[in-house]
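This report concerns only the one structure given below.
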Amino acid sequence: MICRPASVVASLKLHEAPSDSSTSRRGDKDRKIYSWRQVLMERTFEDENKTLKQDIAAERAELEAILNNRQVNTLLDQLKEERTQRLVEMEASHVREREMQALSSEAAVATKGALLAHEEAAGKRAEVNGLRASIRVSTKLLHVRPPYVQTNANPMHASRLPSTISTLPTPNWKPHNCNCSTRDGRAASIDSVVQCLE
340 MICRPASVVA
350 SLKLHEAPSD
360 SSTSRRGDKD
370 RKIYSWRQVL
380 MERTFEDENK
390 TLKQDIAAER
400 AELEAILNNR
410 QVNTLLDQLK
420 EERTQRLVEM
430 EASHVREREM
440 QALSSEAAVA
450 TKGALLAHEE
460 AAGKRAEVNG
470 LRASIRVSTK
480 LLHVRPPYVQ
490 TNANPMHASR
500 LPSTISTLPT
510 PNWKPHNCNC
520 STRDGRAASI
530 DSVVQCLE
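Position in the sequence shown (from 1) plus 339 gives the number in the working numbering.
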């Protein structure tokens, strides 16, 4: 017999045609490997689907947040516009109020000045009326001629004047219930006296 080494024998066994049992075992292994591959692929697909769903949900949440932020921003812009409009209206009302206060103060000063001028004019009128009344009284007194006064009196009769003055009658005029306590003061009382004299 020819002796062959173990390595050669092993190589020959490998190159030999496979038997039926070995082929069936290999087929089972291939099926198992294929099934495992399918399971792994399905799991990977499921994982990918889950991750995709999570990504889509996150994107949706981000979009909703962006939309909400936009709505909030629009609301904030509207509120800012309303606030600025209210501030402008308040400033305008303050300006109007200040103008009205200035006008009221000017009107008060004008009315006060008018009252003072009216009082001063009334005082001047009273003074003028008093002067007129005094002038009337003085003119009346100057024009009154007593019956005992004679223009061509004799100086010899000067000693008789006191006795004749005591015997002269009283004047004919009398005050006709003159109301001297009027509102016009002195001028009105003098006017009443003048009326009584007339």
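Glycine included, each C-beta is placed from N, C-alpha and C at the ideal position.
Keep in mind that this is a model prediction, so the values were computed, not measured.
{"query": "Which of the three DSSP states, helix, strand or coil, is assigned to Ser473?", "result": "helix"}
{"query": "Report buried or exposed for Ala461, applying the criterion of at least 16 other Cβ atoms within 10 angstroms of its Cβ.", "result": "exposed"}
{"query": "Using 10 angstroms around the beta-carbon of Ala472, count the other beta-carbons present and answer buried if the total reaches 16, otherwise exposed.", "result": "buried"}
{"query": "When the Cα atoms are used, what is the spatial distance from Glu401 to Val434?", "result": "48 Å"}
{"query": "Output the distance between the C-alpha atoms of Asp386 and Ile395, rounded to the nearest integer angstrom.", "result": "14 Å"}
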